[in-house]
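Numbering of the sequence shown is given in the numbering used here, commencing with residue 77 and proceeding in unit increments.
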Amino acid sequence: MIAVVRTFTQYSSLGKYINVCSSLILNELGTEVPLCMVRNDFNHVMHLISTWPEIKSSTFRIKNFYLRSIGLIIVSTNFIDVKHLLKMIFTVALHETEGNNFYNQYTQCEIAKIYLKQRIATHTTDYDQIIIEMDNLNDNTNVREENVTINDIDNTIFDEIKCIYDLCVESANYESNSTGDRDNIQFCPKIAKHLLDFCKLIPCWSALMVPIFKYGNLTESSCTSESLFKDLKTVVFKHKQLPLRLDEFLKIHINCTLGSMNILADTNIQKKASKDEETNSAKRDINTISDEKNEYQPIYKFEVQNEAVQNVKEPILSKHLPQKKISIDKSYDDPTALENWKGLGHQVGKKKRKGTYLDKDPTILYYNDTSRTKSKVIGLLKNGNISDLKSI
């Protein structure tokens with residue numbers, strides 16, 4: 077990323093770019109927007125997080141919980157929402173117990189876990205107000221102290237995230253109300269520490285900069301450039317002895333690029349021609365229908381001379397009757413037909429899209445966190461089952 081920042085932005089280091097992005101996220105006046113937005117590939121980010129030793133060695137359902145929770149941060153464009161999600165994840169990872177405390181109230185860990193599971197299951201923020209009210213009932217003073225402490229800081233976004241982490245550590249270690257009646261299966265302080273360090277580059281791997289630059293998607297992918305680079309190595313220069321001279325490399329690469337552009341241009345021309353032909357055929361069909369309607373309503377003028385003429389039936393004209401069209405299959409003589417060699421000729425149907433950690437997962441509300449199985453959760457039977465029964 078350092079080379080990308082030096083090449084495409086006006087800054088000489090990645091640190092300066094991060095500081096400028098931090099100032100823009102905090103709405104500091106007089107900050108210049110960078111010339112280019114640096115984004116990390118979503119799949120690479122999720123793969124990097126999944127290789128953390130604490131997540132890699134955890135069970136499938138604990139890993140699924142943390143990766144989907146961090147995925148919510150990646151697609152969020154609001155820094156306030158990001159801080160709230162980070163607070164919830166830090167709270168779950170730093171508290172050893174969950175459930176109800178001595179006063180039979182939800183602990184901070186239980187509230188945070190309920191909130192994250194609801195967000196993962198529905199991807200909506202309608203549950204935020206309920207969580208805030210529950211949090212205020214349990215510990216209203218700590219919320220006020222936290223807000224004052226964060227608002228007093230006027231440095232970078234990482235300083236605010238570090239403040240949230242320190243408050244969660246203090247809440248987990250020194251508050252008596254945070255002790256629950258059962259163990260927290262997601263307890264892992266090292267995950268919280270890894271996530272804190274990973275947040276130093278949060279403008280690059282999240283969507284926080286999308287509203288500022290006013291372009292871009294919530295997730296970005298480098299699959300196109302990686303595919304082109306793979307073709308360059310394995311196809312274009314397959315029969316060339318590497319390394320080779322720079323002028324030879326540029327000549328071959330430019331010819332390959334021009335060929336690809338010609339293929340794309342021809343494809344676009346064919347698509348445009350077929351679209352125009354469909355439009356013209358639709359217009360012809362409309363005109364044909366209108367002409368047939370006019371033919372089916374001939375005007376006959378008869379002079380009635382006597383009663384016998386009045387009883388004469390109108391002649392039936394065969395030329396005015398609709399003719400049945402016979403369709404002949406000419407696919408055998410179609411020059412554009414392709415042979416499908418076991419699916420290699422052309423794509424038949426739609427491929428099933430693989431799920432990602434950004435998809436909704438309603439099953440997270442029902443499955444048992446302590447289970448080590450990787451099987452799908454079977455839904456609860458609504459007729460005849462105990463309401464507290466959970467799937468394995």
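Glycine is no exception: its CB is placed at the ideal position from the N, C-alpha and C atoms.
For the segment 105 to 118 and the segment 275 to 292, state whether three or more C-beta atom pairs, one from each stretch, are separated by less than 8 Å. yes
Using the three-state DSSP reduction, which class does residue 173 fall into: helix, strand or coil? Counting from 1 along the sequence shown, the entry for residue 173 is found at position 97. Three-state DSSP puts residue 173 in a strand.
With respect to the alpha helix (DSSP H) encompassing residue 147, which residues constitute its N-terminal and C-terminal limits? In the sequence shown, counting from the first residue as 1, residue 147 sits at position 71. Residue 147 -> alpha helix (DSSP H) spans 136 to 150.
On the DSSP letters alone, give me the boundaries of the alpha helix (DSSP H) that residue 125 sits inside. Reading the sequence shown from its first residue, position 49 is the one you call residue 125. Run containing residue 125: 118 to 126, per the alpha helix (DSSP H) assignment.
Residue range of the alpha helix (DSSP H) that includes residue 188: Within the sequence shown, the letter at position 112 stands for residue 188. Residue 188 -> alpha helix (DSSP H) spans 184 to 198.
If you check the beta carbons only, do residue 272 and residue 250 fall under 7 Å apart? As a first step, residue 272 is located in the sequence shown; it is residue number 196 there, counting from the start. As a first step, residue 250 is located in the sequence shown; it is residue number 174 there, counting from the start. Contact flag unset, no.
Determine the burial state of residue 179: buried for a count of at least 16 other Cβ atoms within 10 Å of its Cβ, exposed for fewer. Residue 179 sits at position 103 when you count from the first residue of the sequence shown. Exposed, by the Cβ-count rule.
How is the alpha helix (DSSP H) around residue 301 delimited, first residue to last? The residue labelled residue 301 in the question sits at position 225 within the sequence shown. Start and end: 299 to 307.
Quick one: what does DSSP say residue 79 is sitting in, helix, strand or coil? The residue given as residue 79 occupies position 3 in the sequence shown. Correct three-state label for residue 79: helix.
Return the first residue and the last residue of the alpha helix (DSSP H) that residue 243 is part of. Along the sequence shown, read from residue 1 onward, the residue named residue 243 stands at position 167. Start and end: 233 to 250.
Between which two residues does the alpha helix (DSSP H) carrying residue 179 extend? By one-based count along the sequence shown, residue 179 stands at place 103. Premise fails: residue 179 is in no alpha helix (DSSP H) and is neither H nor E.
Taking 7 Å as the limit between beta carbons, can you name the residues of its chain near residue 80, skipping five residues before and five after? Within the sequence shown, the letter at position 4 stands for residue 80. So the list reads 114, once near-sequence residues are dropped.
Look at the alpha carbon of residue 263 and the alpha carbon of residue 144, and state the distance between them as a whole number of angstroms. Counting from one through the sequence shown, the residue named residue 263 turns up at place 187. Counting from one through the sequence shown, the residue named residue 144 turns up at place 68. When rounded, the distance between both Cα atoms is 16 Å.
Considering only the beta carbon of each residue, do residue 131 and residue 142 sit closer than 7 Å? Position 55 of the sequence shown, counted from the start, is the residue given in the question as residue 131. Position 66 of the sequence shown, counted from the start, is the residue given in the question as residue 142. Yes. Within cutoff.
For residue 445, which three-state DSSP category applies? Translated into positions along the sequence shown, residue 445 becomes position 369. Looking at residue 445 - three-state DSSP - the assignment turns out to be coil, as it is neither helix nor strand.
Are there 16 or more other CB atoms within 10 angstroms of the CB of residue 297, so buried, or fewer, so exposed? Locating residue 297 in the sequence shown gives position 221, where the first residue counts as 1. Classification for residue 297: exposed.
Using CA atoms only, rank isn't needed, just tell me which of 313, 340, 338 is closest to residue 327. Translated into the one-based positions of the sequence shown, residue 327 becomes position 251. Among 313, 340, 338, the Cα nearest to that of residue 327 is on 313.
With a threshold of 16 other CB atoms inside 10 Å of the CB of residue 407, please say whether the residue is buried or exposed. Counting from one through the sequence shown, the residue named residue 407 turns up at place 331. With a pLDDT of only 46 at residue 407, under 50, the local geometry of the prediction cannot be trusted, and the value read off the model is given with reservation. Exposed.
Determine the direct distance from the alpha carbon of residue 316 to that of residue 169, and round the result to whole angstroms. Taking the sequence shown and counting its residues from 1, the one referred to as residue 169 is at position 93. Taking the sequence shown and counting its residues from 1, the one referred to as residue 316 is at position 240. Rounded to whole angstroms, residue 169 to residue 316 spans 53 Å at the Cα level.
Expressed to the nearest angstrom, what Euclidean distance is found between the alpha-carbon atoms of residue 320 and residue 308? Walking along the sequence shown from the start, residue 320 turns up at place 244. Walking along the sequence shown from the start, residue 308 turns up at place 232. Distance between the alpha carbons of residue 320 and residue 308 is about 14 Å.
Check whether residue 256 and residue 183 have beta carbons under 7 Å apart: The count along the sequence shown starts at 1 and reaches residue 256 at position 180. The count along the sequence shown starts at 1 and reaches residue 183 at position 107. Yes, Cβ-Cβ distance for residue 256 and residue 183 is below 7 Å.
Backbone secondary structure at residue 352 - three-state DSSP: Numbered from 1 along the sequence shown, position 276 holds the residue referred to as residue 352. Helix at residue 352.
According to DSSP, is residue 323 part of a helix, a strand, or is it coil? As a first step, residue 323 must be located in the sequence shown, where it is residue number 247. Three-state result, residue 323: helix.
Suppose you measure from the CA of residue 99 to the CA of residue 123; what does that come to, to the nearest Å? If you number the sequence shown from 1, residue 99 lands on position 23. If you number the sequence shown from 1, residue 123 lands on position 47. The alpha-carbon atoms of residue 99 and residue 123 are separated by roughly 29 Å.
By alpha-carbon positions, which one of 281, 306, 301 ends up nearest to residue 294? To locate residue 294, count along the sequence shown from 1; it is residue 218. Closest option to residue 294, Cα to Cα, is 281.
Determine the DSSP secondary structure at residue 273, reduced to helix, strand or coil. Residue mapping note: residue 273 aligns to position 197 of the sequence shown, counting from 1. It is helical.
CB contact flag (residue 97, residue 279, <7 Å): Mapped onto the sequence shown, residue 97 falls at position 21. Mapped onto the sequence shown, residue 279 falls at position 203. Cβ atoms of residue 97 and residue 279: closer than 7 Å.
I believe residue 188 touches residue 201 by the beta-carbon criterion, under 8 Å. Please report the beta-carbon distance rounded to the nearest angstrom. For the purposes of this step, residue 188 is taken as the residue at position 112 of the sequence shown. For the purposes of this step, residue 201 is taken as the residue at position 125 of the sequence shown. Rounded, the Cβ-Cβ distance is 15 Å, inconsistent with contact.
Just the C-alpha distance for residue 104 and residue 301, rounded to the nearest angstrom, thanks. Here the question's residue 104 lines up with position 28 in the sequence shown. Here the question's residue 301 lines up with position 225 in the sequence shown. One C-alpha to the other measures close to 35 Å.
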